[in-house]
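As structure tokens, the structure follows; a few thoughts come after it.
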Amino acid sequence: MSTVDPLLLSSSGSADSPSKHTAPARPSVGSLNCLCRADSCSSSVYEDCDTASVNFADEGDAIPRHCPEESDVSRVAERFQSADSHFFHRLSVECSQKERQRKISWGGVMEMQRSPSSLEVGVVSSSKEKPNRPPRGRNKSSHFEDLFSSEQEHDPRLIHINDPVRTNDRYEFTGNEIRTSKYTLITFLPKNLFIQFHRLAYVYFLVIAALNQLPPLAVFGRTASLFPLLFVLFVTAIKDGYEDWRRHRSDRNENNREALVLQHGDFRSKKWKHICAGEVVKIHSNETMPCDMVLLGTSDPNGIAYIQTMNLDGESNLKTRYARQETVTMISHSSYLGLIKCEQPNRNIYEFTATMELNNQRIPLGQSNIVLRGCQLKNTEWIIGVVVYAGQETKAMLNSTISRSKSSNLESYMNRETLWLSAFLLITCSVVATGMGVWLFKNTKNLDALPYYRRKYFTFGRENRKDFEFYGLALEIFFSFLSSVIIFQIMIPISLYITMELVRVGQSYFMIGDTRMYDSSSGSRFQCRSLNINEDLGQIRYIFSDKTGTLTQNKMEFQQASIYGRNYGSSLQVTSDSSHEITIAESSSQHDRKPKSEINVDALLLALLKQPLFGEERLAAHDFFLTLAACNTVIPVSTGGSPDLTNEVSEVGAIDYQGESPDEQALVIAASAYGYKLVERTTGHIVIDVQGERIRLDVLGLHEFDSVRKRMSVVVRFPDDTVKVLVKGADTSMLSILRTRNHDGLFDSLHAKTIETTENHLSSYSSEGLRTLVIGSKYLSNEEFSEWQERYEEASTSMTERSAKLRQAAALVECDLTLLGATGIEDKLQDGVPEAIESLRQAGIKVWVLTGDKQETAISIGLSCRLLTQGMHSIIINGSSEIECRSLLADAKAKFGIKSADLGKQDVEDLHNGDVSKLRSSNGQASESGIQNFQLTGVIANDKSVNIEESPNFDDAELALIIDGNSLVYILEKDLESELFDLATSCKVVICCRVAPLQKAGIVDLIKSRTSDMTLAIGDGANDVSMIQMADVGVGICGQEGRQAVMASDFAMGQFCFLKRLLLVHGHWNYQRMAYMILYNFYRNAVFVLMLFWYILHTAYSATLALTDWSSVFYSLIYTSVPTVVVGILDKDLSHNTLLYYPRLYEAGLRNEGYNMTLFWITMLDTLWQSLVLFYVPFFTYNISTMDIWSMGSLWTIAVVILVNIHLAMDIQRWVLITHLAIWGSIAATFLCMVLIDSIPIFPNYG
Amino acid sequence: PMVLRIAELTSFGAGASASTHQPSPAIQNHMLDSKFTQQELPACKPILTPKWVISVFLLVGVIFVPIGVASLLASNKVVEIVDRYDDACVPSNVTNKLAYIQNSTISKTCRRTLKVPKDMKQPIFVYYQLNNFYQNHRRYVKSRNDQQLRDASKANETTLCDPEKTRDGMAIVPCGLIAWSTFNDTYTFQHNTNNLSIDKTDISWKSDRDHKFGSDVFPKNFQKGPLIGGKTLNESIPLSEQEDLIVWMRTAALPTFRKLYGRIYVDLKENDTITVTLDNNYNTYSFDGKKSLVLSTSTWLGGKNDFLGLAYLTVGGLCFFLAFAFTLLYLIKPRKLGDNNYLSWNRNSAGH
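Protein chains in written order, with my numbering: chain X, 1 to 1247; chain W, 1248 to 1599.
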């Protein structure tokens, strides 16, 4: 060991170090890891730098190390200097690193213990590898300086490929051991207690218990007062411990899995936990990635690997990852070199930015070059990659956090009432304290002699005439106050919080178990991911729904196409003659079970394609289908065997298309049905089987789809060496970049005509609810191509603002396109959606649809799911400037007599914008659809329109608001929010189309921030995540688009129509149950407290309890708790059939009928009189009698228990066996406990 | 609040190793398809129809009124003589009653004459009644040590007994304020010049004698301090036989209470006179407490107490009244069961 010192590598940098050596006494956190090893064995070396060694000492102790047998002074000093030379730079890096590491992994101890093991391995491997490595110490050192001076703010992470020692020379990267567990055996007790006491309730318990330990305040016996706290702590600790043990077990399994790691020149098996950053790992097919790795090479000569990211985002389709061509060659020569600079670990699993330096060449690395921990390798024999993030720093681990906890509406009301109760508590305590003061004042003179008070000692000796337990009037009053707080503590129903948790668990159990919310098609049942907001489901007033995948199935079917101005596919619907339809499903069905591959083929189009490649139309069709097949990210996977595509794939159905977007899949499948089969796709080329003839297209560049451009393009070189850019995209973004002139620079009327007819087709597609895409292409001249190529290369290797630069490059080629055609893809509605929406609306819930689709598509979906009905008046707002939007909103409001919150201001604005706002009422045009006319906002740029259906009495007519994302930009960002709010809230239906994910959240926030109404957002895709998180209740659909939405949601389910049952039935029940339970708990505790309070008024305000200590402890713990929970879980006011049949019953929750201030005060008055009866009936019965305090106490205990249980029994709506057992059982248990308590000799009322 | 991490367990319990675990449909159906999980257990849903409500009120009235009448009758049968003597037994020339009572040199014997208002059947219970004496005061209630009282070997166990804990460093048995302040007035009765013997045995709870006060625990150092609180105890008699102490130590629940002094097994005739000779030792003057001597017969209900009977009668009467009122309402203005007009959203048509 001693001969191998990884740090010698950088010792060449020591030449310039002596100057720095003069000032070593800095608090050197930065380099301590380099030095502590030496420090622990030969600290004498550091005589000249005491402070430094002191700083290292503690670290050094924590890291036991193998010492070099002989460590000569010079070398250690040298080491120190070299490390020191990087001091300034590392300091900041390391500090932040340290902090972060501490946050990620809880236990500092574990962290420390892990480091040495990974280091040892590293040292061993590096010793053998050393000869293979070219000397690059010097470069390295200077490189460091460069890096930090130029890109300090980026703070990159440096990974030396196959050089874990150097990569980890500062131990800044965590090892690959993961620890999801929170505790170890030693830390369990303190840490668990610490975490538990984060809950305010427990602190309250603790304070009360602590108060009770003070001698003048000891109301309860010491054990009795600690019992509730200890009980709760114990139970929670057991639960936490069990959960943690399970985590330990799974961690252990995980950490002890093995992977092939390059050691001593070849791949040898190594446990996952010993893998560290910088190591080269080989993964075979169907194995799981142990850490986040940058691909270096794969079994595929082109460096392609297919992975399944099921564990990460839930998507079951295969994704392609590429190794850079440069590294593939490197791997084939078995030389592993290079330095990867990548960003610091982060949670974003969809982005990765890094560069690799190899042979003085900078290679850009992106998302497609990294494979993440948890993914599985599929269809690829092996891959080799270098570990960049390990263990806790992997993206999967960083993402494995619990969703944030929300608190329910009811709970916040409850907290408000808890404040009232606190006030009440303070009042009662003050009454007691005041009474105490008055009583003491009246009896001041006699206090010494009162036989039942006795202020002074009257013994001979030391204590004679001293006060006993008397601290002066003021303090006595204060103590009396505190004692009453101890006695009346349960006025604040701490137990309620625990009860609520239990009830919610029970409610969740029933929601999860509901077979009517079990989606048998996907096998997914209802999930409760958040346990705190069950009852909010009963109070939802606004539902914000995504369209695609939520209302619709997200199973795309290619329905129609418009090619070169001719419409195909629509005839299918008219003449559904089987002879016209050729389904390719027959052949492919055996391979592909999904119905989405079944498509209908238009005979005319097929006939056109059979013609020889001649004529404009035929060529356009050719290019059209080539674009469909080429311009996408779909991967053809041969379902039979390996994706080795050298051999002929003759059968049609042998290829399964794996893609991230269902639209693209549908298009590719359609293309293949028309004879344009995508056969092979690599980074470099695409092979398409055109009617049996293979065409190889070289891919020169690919601009991926982004939400700004809303299009995707691919630059390909055809076999005949022509370069073409193939583009597909949303119509708004495409129609503006089509060419208007022909090659001669003249206005191309023919093309314009094609555009016009295509636009007509597009609008008719949209009105049928189809999703549309526009296809275009362009030949690139050599100049255009080279200019683009230059920009593209530069952009794709850029570390900063890569996406913006790529966008600029894309803009170079995505212009002056020739229109080829358009496609219409159908997205079918899910089962039961119209019925569900109908019921929800009857229930008084406003359903808003927020979609990224076009206005027309959105409207047609709105119609088909009965959101929009024929009798509705629709207000359409699509303005393209702030002023326009303002006037549109104002006009709409004026037209429909919507009162605004700030009317005065509105009038002024109306006057101001009077001339600007030209209301274009377009009733005439709106004839066909019965709702409104269609306009393509993208083309008619200056189109401002409020389309309002005039109606003789639109005052009581239902309104629908349709607004597009463009207008929302102006409205949400300016001060028009309140206008929109006024308008939108007076509409029955709101449809927002063309909205970006963040806008969705903005709309939710619009409602959430302005009303107290509860909002629910439901969606299935990553674009809905922001909305789901913003809304009070987020519901995720386990759909086609992965698990992002589900991970962010509070509840997740298989289909939209379950929402009806979830809200109308479970929401209603949960709300009613929880509301009643809260009121009942307030009642239960208040009755008890008031009963005690009345008694204290008759004990000279001395805070005596007639009840035994244990009875008061058991009251809320045993005597009355079970029925509360049982009723909170099981009671039903109405059957689910009734609730579904009369959706209006849901409005009870909307009107806060289950729980409100009035009910609270009524309950409190109820409490008051019941407690008076409860106390004074026994009081008057046994006043002036021989009744002793403990008998009386027992009487009161039993009385109060029977009273509250009978009260509950009278409020129970539906008795089942369990309810009976709970209520009568509780009363029986009370008797039993009383008997037990009385027969145990240590209690005061024993006997 | 307690955070139960169910969601965490099911979704991402084991970090990266978590897989989307889906049980097979067969297991699921078996697990899910039960009446319990579908919340469709056979249930009984009581609906408060007018008939039900009226019958319940009638029933309660029918039960309560007789009980009330019986209680009142029983209470009226009890003959009770209450004689307050705290003022009367201090000579009228004494101005400072407190000084008078605290002066142990003055004889405090006092003679009272009681007239029997009605025939009294034996056993006649003799009680003393104290007013405004807070035996339920927290400092007082706790000032005892049950272990010491029960167990001779725990004689030195005197926690909680302050300030009557030790005398000269020796533990007081029985310690504490309660024992220290044991009532010490004594009564002797004469009936028509004959001595009327009082049976002072078996006046305490048997369980107290058997279990709470040891038969081998003898008073020690009791009432030897400078301030005498009340009764002194004979050090040769074990605590279990000191019944006055046992009675006293079963602290009263309320500030006005009676404690059993003894029983007289003689029938008394109406207009008989009873002469009571009493030692007025106990100091209630420091807190304006009243002292009374009570002779009372008993019935199945216990002592004299009109309250309970009145309470039953009131509640029963109220139930009858409500039953009557509801019947009227039902006959005059009947309501259809399940009338939608009374649903909350129909009542206030304004909506939310």
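We treat Cβ as the ideally placed atom computed from N, Cα and C, and that holds for glycine.
Small disclaimer: the values here were computed from a predicted structure and weren't measured.
| Query | Result |
| --- | --- |
| Exposed unless 16 or more other CB atoms sit within 10 angstroms - verdict on X:L1232 | exposed |
| CB contact below 8 Å: X:I1028 versus chain W | no |
| Identity of the residues DSSP links to X:K1283 by a beta bridge | Residue 1283 of chain X falls outside the range modelled here, since chain X spans only 1 to 1247, and no answer is possible. |
| Given 8 Å, three or more beta-carbon pairs between the stretch 1383-1403 of chain W and the stretch 1528-1544 of chain W | no |
| Residues, ordered as in the chain, of the stretch 439-461 of chain X that lie near chain W by beta-carbon distance below 8 Å | N443, N446, A449, L450, P451, Y452, Y453, R454, K456, Y457, F458, T459, F460, G461 |
| With 16 other Cβ atoms within 10 Å as the buried cut-off, status of W:P1289 | exposed |
| Proximity of W:Q1470 and W:T1522 at Cβ, strictly below 8 Å | no |
| Beta strand (DSSP E) runs wholly inside the stretch 1364-1411 of chain W, at least 3 long, in chain order | 1371-1377 |
| Cα-Cα separation between X:K846 and X:I543, rounded to whole angstroms | 6 Å |
| Closest Cα partner of X:T985 within the set X:D1013, X:Y970, X:R247 | X:D1013 |
| Closer than 8 Å to chain W by CB, X:I1198 | no |
| Residue-chain proximity (W:Y1332, chain X), Cβ-Cβ < 8 Å | no |
| Beta-carbon neighbours of X:M356, restricted to chain W and to distances below 8 Å | Per Cβ cutoff of 8 Å: no residues; X:M356 is ~25 Å from chain W at best. |
| Within chain W, partners of X:M1187 - CB distance below 8 Å | A1499, A1500, L1501, F1504 |
| Pairwise C-alpha distance: X:G832 and X:R841 | 14 Å |
| Beta-carbon spacing of X:L1079, X:Y1155 below 8 Å | yes |
| Euclidean distance between Cα positions of X:L702 and X:S713 | 6 Å |
| Segments of 4+ residues assigned as alpha helix (DSSP H) that fall wholly inside the stretch 166-232 of chain X | 188-196, 200-213 |
| Sub-8 Å separation of X:G844 and X:Y1146 beta-carbons | yes |
| Contact with chain W by X:Q539, beta-carbon distance below 8 Å | no |
| Cut-off 6 Å between Cβ atoms - residues of its own chain near X:S1239, not counting five sequence neighbours on either side | none |
| Under 7 Å by beta carbon: chain X residues contacting W:E1284 | The sequence given here has Thr at residue 1284 of chain W, not Glu. Chain X residues near W:T1284: F510, G513. |
| Nonlocal neighbours in the same chain, by C-beta distance under 6 Å from X:N742, ignoring five residues either side | D748 |
| Cα-Cα separation, X:S735 to X:K728 | Per the sequence shown, the amino acid found at residue 735 of chain X is Leu instead of Ser. Rounded to the nearest angstrom, the two C-alpha atoms are 11 Å apart. |
| From X:T548, X:E1153, X:A396, residue whose alpha carbon lies closest to that of X:Q1072 | X:E1153 |
| Cβ pair X:A673, X:L605 closer than 8 Å | no |
| Anticipated Cβ contact below 8 Å, W:I1445 with W:G1550, distance rounded | Actually they do not touch by this definition, with Cβ atoms about 18 Å apart. |
| Any chain W beta carbon closer than 8 Å to X:I1240 | no |
| Spatial distance of X:D1005 from X:A858 (CA atoms) | 22 Å |
| Of the residues X:I161, X:H1066, X:Y204, the one placed nearest X:I512, counting alpha carbons only | X:H1066 |
| X:F234 classed as buried or exposed, judged by whether at least 16 other C-beta atoms fall within 10 angstroms | exposed |
| Assumed close pair X:L296, X:I331 - CB separation to whole angstroms, cut-off 8 Å | 5 Å |
| Closest residue to W:Q1349 among W:L1569, W:T1531, W:L1565, W:V1312 (Cα-Cα distance) | W:T1531 |
| Three-state class that DSSP yields for W:T1208 in the structure shown | The requested residue 1208 of chain W is not part of the displayed model; chain W covers only 1248 to 1599. |
| Members of the stretch 1198-1224 of chain X near chain W, C-beta cut-off 8 Å | Q1213, R1214, W1215, V1216, L1217, I1218 |
| Contacting residues, own chain, Cβ-Cβ under 7 Å from W:Y1589 (five flanking each side not counted) | none |
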